[in-house]
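Residue numbers (the numbering used here): 8 to 116. Beta carbons: idealized from backbone N, C-alpha and C, even for Gly. Predicted, not measured: the structure shown is a model, and the values here were computed from it.
Shown next as structure tokens:
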């Protein structure tokens, strides 16, 4: 660590592109291809800084104004804002003590 601090490798510290480093994304794509047999390329993969950030990107991509999103309680409170920011409507479904939802209450009429 001391050596790296005193003699950093050129290019070691840098900001990454928003979707992530292409070489990392390509490695993930290669693993997905090996595991699933489906074709994946590095351009098919987007890296995020966590699950909440990924959920925000997905919601922005798929939500239309007024679309309902079912959230199982308990939940990460920022999900409400992500959904609202992209025109969706949050519908909270309570879970029991074992964190299991009551599916009958969730079914559409």
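Alpha-carbon to alpha-carbon, residue j and residue i
i          : j          : result
residue 25 : residue 91 : 23 Å
residue 13 : residue 47 : 40 Å
residue 17 : residue 9  : 16 Å
residue 27 : residue 37 : 15 Å
Helix, strand or coil at residue i according to DSSP, with G and I counted as helix
i          : result
residue 59 : helix
residue 17 : coil
residue 52 : coil
residue 85 : helix
Within 7 Å, strictly: CB atoms of residue i and residue j
i           : j           : result
residue 66  : residue 94  : no
residue 87  : residue 100 : no
residue 114 : residue 98  : no
residue 49  : residue 29  : yes
Limits of the alpha helix (DSSP H) - the one that residue i falls within
i           : result
residue 30  : 29 to 43
residue 111 : 110 to 113
Rounded distance between the beta-carbons of residue j and residue i, thought under 8 Å
i          : j          : result
residue 55 : residue 61 : 4 Å
Residue i, enclosing beta strand (DSSP E) - first and last residue
i           : result
residue 79  : 75 to 80
residue 101 : 96 to 101
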